[in-house]
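Reading through the structure tokens given below for one structure.
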Amino acid sequence: MSDTKVLVYSLSTCGHCKDTIAFIRKKDIDFSFIDIDRLEKTERKRVLEEVRKVNPECSFPTTVAGDRIVVGYNEKELEEALNS
Amino acid sequence: MDEQALFDMLKPVQEKKGYYFNKNRERTFDILKGLITNKNRYGYMACPCRLASGERDEDKDIICPCVYREPDVKEFATCYCHLYVSEARKDDEDITKIKVPERRPRELMVF
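From first to last, the protein sequence lines stand for chains S and V. Using this note's numbering, read the first sequence as starting at 4 and increasing by one per residue. Using this note's numbering, read the second sequence as starting at 900 and increasing by one per residue.
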């Protein structure tokens, strides 16, 4: 893995999001995640605008790895994105 | 109410309608926990796999069981969250491998 920044937009209640975070956690890479449902209204709105730019559907999880976007929990796509 | 109580309450009602809980108990209970979290947050059990607005009227299509469950189970044998599955796949512990695309129209996402 390069030093690409990896960020997961997630929901704290969502199984697909938990799967995604667990999958990335197993890799030896730095990453962060934001549980949108835990954010205060103003912050949520700001972060949702970020999500919309990369995933207009605004579904979760949305993973950003450099210029790669993975929507949903998809191990194959995540693997490719994390290794790009 | 805890996850077990919710499970026990919903199981017979939903099975009569032809919807079965995912055989993967860990996943099922995790989703039920999310439903309880949302019930405490919003006052209704909004889908834990989608972002709710917090306004019941705007979220009515994603209050579990969501209006997309029927077409999703029909087409994919499971709902978007993998909470409910079809009778034919009720013993399939790998149902979570099925990818269910978001069916909710974008214009209804008003959060």
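We put the CB at the ideal spot given by N, CA and C, even for glycine. This structure is a prediction, so every number in the text was calculated from the model and none was measured.
- Looking from the CA of Val-9 of chain S, the closest CA among S:Glu-43, S:Ser-15 and S:Lys-30 belongs to S:Lys-30.
- Gly-18 of chain S belongs to the set of residues whose beta carbon lies under 9 angstroms from a beta carbon in chain V.
- Among the residues of the region 923-941 of chain V, those with a Cβ less than 7 angstroms away from any Cβ of chain S are Arg-926, Asp-929, Ile-930, Gly-933, Thr-936 and Asn-937, in the order of the chain.
- The shortest C-alpha to C-alpha distance from Phe-63 of chain S to any of S:Leu-51, S:Lys-79 and S:Asp-70 is the one to S:Leu-51.
- For Arg-1005 of chain V, the chain S residues whose C-beta falls within less than 9 angstroms of its own C-beta are Pro-59, Glu-60 and Cys-61, listed in chain order.
- Separation of the CB atoms of Asn-921 of chain V and Ile-997 of chain V is rounded to 11 angstroms, and the pair is thereby denied contact status at 8 angstroms.
- Under the DSSP assignment, Ile-37 of chain S falls in the beta strand (DSSP E) whose first and last residues are 34-38.
- Sequence-distant Cβ neighbours of Arg-41 of chain S in its own chain, meaning closer than 7 angstroms and more than five residues away, are Ser-15.
- None of the residues of the region 23-35 of chain S has a beta carbon lying less than 8 angstroms from any beta carbon of chain V.
- Residues of the region 944-973 of chain V that bring their beta carbon within less than 8 angstroms of a beta carbon in chain S comprise Pro-947, Cys-948, Arg-949, Leu-950 and Ala-951, in sequence order.
- Counting C-beta pairs with one atom in each stretch, the region 945-961 of chain V and the region 67-78 of chain S have fewer than three that are closer than 8 angstroms, which means they do not touch.
- Nearest CB-CB separation between Thr-977 of chain V and chain S: not below the 9 angstroms threshold.
- Remark: C-beta atoms of Leu-931 of chain V and Leu-982 of chain V approach each other more closely than 9 angstroms.
- For Glu-1001 of chain V, the C-beta contacts it makes with chain S under 7 angstroms involve Glu-60 and Ser-62, in order along the chain.
- A distance below 6 angstroms between beta-carbons, with the five flanking residues on each side excluded, links Cys-946 of chain V to the following residues of its chain, in chain order: Ile-961, Cys-963 and Cys-965.
- Separation of Glu-969 of chain V and Arg-28 of chain S (C-alpha to C-alpha, rounded to the nearest whole angstrom) is 34 angstroms.
- For Lys-998 of chain V, the neighbours in chain S by C-beta distance under 9 angstroms run, in chain order, Gly-75, Tyr-76 and Asn-77.
- By DSSP's assignment, Phe-920 of chain V forms a beta bridge with V:Tyr-983.
- Within the same chain, Ser-952 and Glu-957 come within 6 angstroms of Val-1009 of chain V by CB-CB distance, once the 5 residues on both sides are set aside.
- At a cut-off of 4 residues, the continuous stretches assigned as alpha helix (DSSP H) that sit fully inside the region 32-83 of chain S are 44-57.
- Per the coordinates, the alpha-carbon of Arg-924 of chain V lies some 22 angstroms from the alpha-carbon of Ser-13 of chain S.
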